[in-house]
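The structure under discussion appears below in the form of structure tokens.
2 protein chains.
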Amino acid sequence: MRLSTRGQYGTRALLDLALHQDEEPVPLKEIAQRQQISLQYLEHLIAPLIATGIVRSTRGARGGVCLARPPHEIRLSEVIRNLEGSISPVECVNNPEACARAELCAARDIWGELKKAIDGVLESTTLQDLMERQKRKEKPQEVMYYI
Amino acid sequence: MRLSTRGQYGTRALLDLALHQDEEPVPLKEIAQRQQISLQYLEHLIAPLIATGIVRSTRGARGGVCLARPPHEIRLSEVIRNLEGSISPVECVNNPEACARAELCAARDIWGELKKAIDGVLESTTLQDLMERQKRKEKPQEVMYYI
DNA sequence: TACTATGTTGATTATTTTAGTCAACAAAAG
DNA sequence: CTTTTGTTGACTAAAATAATCAACATAGTA
Chain A
1 MRLSTRGQYG TRALLDLALH QDEEPVPLKE IAQRQQISLQ YLEHLIAPLI
51 ATGIVRSTRG ARGGVCLARP PHEIRLSEVI RNLEGSISPV ECVNNPEACA
101 RAELCAARDI WGELKKAIDG VLESTTLQDL MERQKRKEKP QEVMYYI
Chain B
148 MRLSTRGQYG TRALLDLALH QDEEPVPLKE IAQRQQISLQ YLEHLIAPLI
198 ATGIVRSTRG ARGGVCLARP PHEIRLSEVI RNLEGSISPV ECVNNPEACA
248 RAELCAARDI WGELKKAIDG VLESTTLQDL MERQKRKEKP QEVMYYI
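Protein chains in written order, with my numbering: chain A, 1 to 147; chain B, 148 to 294.
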């Protein structure tokens, strides 16, 4: 049940972009440096995100990438599906023809529930949520007052 | 986010065993045939389940395997962890030293929630649950009476 | 215009993981 | 003592992963 580096790096790259974008496009090189991902690998991770309309790019000097939509409209489910393919833990959940016993398989039901649980988290989390979490983490520790 | 065949086959094999065991041990060959898993592969999947105390085996003629505990005491989480290793979707969730930025990483928080969601399903499902589901599925369709 | 900084794309590669198989062995029953 | 079962470790083929290499396209800038 592992996420590959595509999903991990891709998510981190998008969060980085969300946090650093302003008027200017952000060069991939900067994201790669901050996130310690090889530029050439990052390029390949960004490509499908551009194709699917999560990221927009401009070439040439002063070029770079930016989010194609506001962060609260970018769900993690969309990102992960785009980078890792289907979220389903086993093939037969999406595609009953994958296994002859699918229709009568109790195990498959559970994998379906597992998928629902995973989807639940990823559907309900947006880049905005990630940004807020990140900012909260970086905010200097506040003094706690107890009643 | 895929489960490998180890987890899939292992779960199916245990469910099969649960449904077919009675006084006699069940030979792996039978499970392999019913579940269409190669005997030699199944042997390797069962080995860790024996080692961890989920399954008991007896060798020799009329030998085979049986569950070491009642099905309601065997959680899917234990099975999957045993067959696939940690349930964590990324290394850093369990092991913060895996990534220098772990402590300040919002993405990691989400992977943690993802793990919790997955754990929730697997911890709350026992072999007994699977058995009941399976029996319900195989029961001839009952006529439904509507009030 | 030429140069440089960016993104785009396809081919290639090394490594790791997965999904097994092969084969020798151990033990229990008949 | 032969057969039937499980046990174990070594080995292997195929696929997926995680990149890298390299040629190209495009936009700004000197």
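All C-beta atoms in this analysis are idealised placements derived from N, C-alpha and C, irrespective of residue type, glycine included.
Please classify residue i: does DSSP put it in a helix, a strand, or coil?
i, result
"S57/A", "strand"
"R133/A", "helix"
"L3/A", "coil"
"G64/A", "strand"
With 16 as the cutoff for other CB atoms within 10 Å, does residue i come out buried or exposed?
i, result
"G207/B", "exposed"
"V290/B", "exposed"
"K286/B", "exposed"
"K137/A", "exposed"
"R159/B", "buried"
"I234/B", "buried"
"Q134/A", "buried"
"G211/B", "buried"
"D163/B", "buried"
"I50/A", "exposed"
"L39/A", "exposed"
Report yes if the C-beta of residue i is less than 6 angstroms from at least one heavy atom of the ligand ATP; otherwise report no.
i, result
"A245/B", "Ligands are entirely absent from the displayed structure, and the ligand ATP is therefore not among its contents."
Are the beta-carbon atoms belonging to residue i and residue j less than 7 angstroms from one another?
i, j, result
"Y156/B", "I184/B", "yes"
"S77/A", "L3/A", "no"
"P236/B", "L261/B", "yes"
"C252/B", "A245/B", "no"
"R153/B", "E231/B", "yes"
"M278/B", "L166/B", "yes"
"A264/B", "A117/A", "yes"
"T52/A", "N82/A", "yes"
"C213/B", "R222/B", "no"
(request) Could you tell me which uninterrupted alpha helix (DSSP H) segments, each at least 4 residues in length, are contained entirely in the stretch 2 to 46 of chain A, listed from first to last along the chain? (result) Positions of the alpha helix (DSSP H) runs, each at least 4 residues long and wholly inside the stretch 2 to 46 of chain A, are given as 5 to 20, 28 to 35 in order along the chain.
(message) For the structure I just gave you, are there three or more beta carbon pairs, one from the stretch 172 to 185 of chain B and one from the stretch 103 to 123 of chain A, closer than 8 angstroms?
(response) no
(message) Using 8 angstroms as the cut-off, can you tell me whether the stretch 215 to 226 of chain B makes contact with the stretch 269 to 288 of chain B, which would need three or more C-beta pairs spanning the two stretches below that distance?
(response) Using a Cβ-Cβ distance cut-off of 8 angstroms, the stretch 215 to 226 of chain B and the stretch 269 to 288 of chain B are in contact, since at least three pairs of beta carbons, one from each stretch, lie closer than that value.
(request) At 3 residues or longer, and completely inside the stretch 56 to 123 of chain A: list those beta strand (DSSP E) runs for me, N to C. (result) DSSP runs (the beta strand (DSSP E)) wholly in the stretch 56 to 123 of chain A: 64 to 67.
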